[in-house]
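In the working numbering, the protein residues as written are 7 to 333.
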């Protein structure tokens, strides 16, 4: 019975919060906080970029909710349609080779991490987080069919934590070469969408944890459409984490650079961080596609268009085509 009352209250608050005036939204938020206090909430613990590498910590105290059965069906459909547009990004960071060090020593010192990328148009452009490719000396892109795509250029905007990769497109019917990488035929694209989101809205996050496995889906609802991790993820302000979408979708390392979709399948956010509560539940954070992010993507498009083609394989040196802004 208590949960039925909570559901009824939430429905009313969503109507007020999404459609009402600023004053009514403030009143709705205050009422929602009082309701949450009656049903209990847990303080959240460390947050980190949702790549497969570790990151900084943060704290929060937001209640988590679940989508309805009807919303779940819509979200699963949206996720299924978006899956072909996802790629797995694997990076290697090799330290500069010192005098006297042999090749085996250098390889042993190399470290790698992984993340997700989203094909955003038919021109071979893949969007991900700047922190996914930061300091990478090699980048490997694994497409949905398991083939490796040859990376031609990389550009990053560390302030917005966005990066754009350009891969070579096939001009004939030949498929990607499994070992060396090749030109590829990209499936349907998933362009970023600046559609507004509000608290209580059902969403699904997608991530490719391993290039040999299908994308993972995590469903939840939006808890805050303007959450800030600035003081916790980057106190210096060098990177902008001031207006993020916080959701109860329990993403995990490897989801960085993956899409956050609404129930209509719109690509409304880019996964950037994950937070684990003391009770083990996780909260996801995604970059919005507001004006700063849209402007950054436009700049990155121009930069990768000017980038020098990289010879060789899918394991491409990232630094050879990274822009001066690269993170």
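For every residue, glycine included, the Cβ atom is placed at its ideal position computed from N, Cα and C.
Pop quiz: residue i and residue j are said to be a contact at Cβ under 8 Å. What is the actual Cβ separation, rounded to whole angstroms?
i: residue 196; j: residue 273; result: 5 Å
i: residue 122; j: residue 260; result: 7 Å
i: residue 161; j: residue 190; result: Incorrect: roughly 20 Å between the Cβ atoms, too far for contact.
In terms of alpha-carbon separation, which member of the options lies closest to residue i?
i: residue 88; options: 277, 227 and 212; result: 212
i: residue 217; options: 299, 75, 120 and 77; result: 120
i: residue 303; options: 145, 163, 281 and 124; result: 163
i: residue 201; options: 307, 79, 233 and 297; result: 297
i: residue 166; options: 93, 144 and 248; result: 248
i: residue 310; options: 90, 83 and 157; result: 157
i: residue 91; options: 134, 231, 258 and 306; result: 134
i: residue 85; options: 231, 277, 271 and 279; result: 271
i: residue 194; options: 301, 245, 126 and 205; result: 126
i: residue 278; options: 287, 245 and 80; result: 245
i: residue 76; options: 192, 301 and 225; result: 225
i: residue 288; options: 136, 147, 227 and 83; result: 227
Run through the DSSP bridge pairs and tell me what residue i is partnered with.
i: residue 163; result: 168
i: residue 208; result: 227
i: residue 144; result: 98
i: residue 174; result: In DSSP, residue 174 forms no bridge with anything.
i: residue 308; result: None; residue 308 has no bridge partner.
i: residue 154; result: 148
i: residue 123; result: 93
i: residue 190; result: 175
When the Cα atoms are used, what is the spatial distance from residue i to residue j?
i: residue 313; j: residue 175; result: 15 Å
i: residue 159; j: residue 256; result: 32 Å
i: residue 235; j: residue 215; result: 24 Å
i: residue 229; j: residue 203; result: 10 Å
i: residue 95; j: residue 124; result: 10 Å
i: residue 284; j: residue 252; result: 17 Å
i: residue 299; j: residue 250; result: 12 Å
i: residue 258; j: residue 78; result: 20 Å
i: residue 262; j: residue 145; result: 15 Å
i: residue 93; j: residue 308; result: 22 Å
i: residue 398; j: residue 306; result: With the chain covering only 7 through 333, there is no way to say anything about residue 398.
i: residue 205; j: residue 254; result: 11 Å
i: residue 199; j: residue 147; result: 23 Å
i: residue 280; j: residue 82; result: 21 Å
i: residue 301; j: residue 232; result: 19 Å
i: residue 80; j: residue 136; result: 30 Å
i: residue 192; j: residue 286; result: 37 Å
Are any of the Cβ atoms in chain C nearer than 8 Å to that of residue i?
i: residue 248; result: Considering every chain present, this structure includes no chain C. It has just one protein chain.
Three or more beta-carbon pairs under 8 Å between the region 148-159 and the region 284-294, yes or no? no
For the 8 Å Cβ check, are there 3 or more pairs between the region 129-146 and the region 163-172? yes
Can we say the region 214-221 touches the region 71-81, given the rule of at least three CB pairs closer than 8 Å? no
Measuring CB atoms only, is the region 89-99 touching the region 138-149, in the sense that at least three cross pairs come out at less than 8 Å? yes
Determine contact between the region 259-273 and the region 198-210, defined as no fewer than three beta-carbon pairs at a distance below 8 Å. yes
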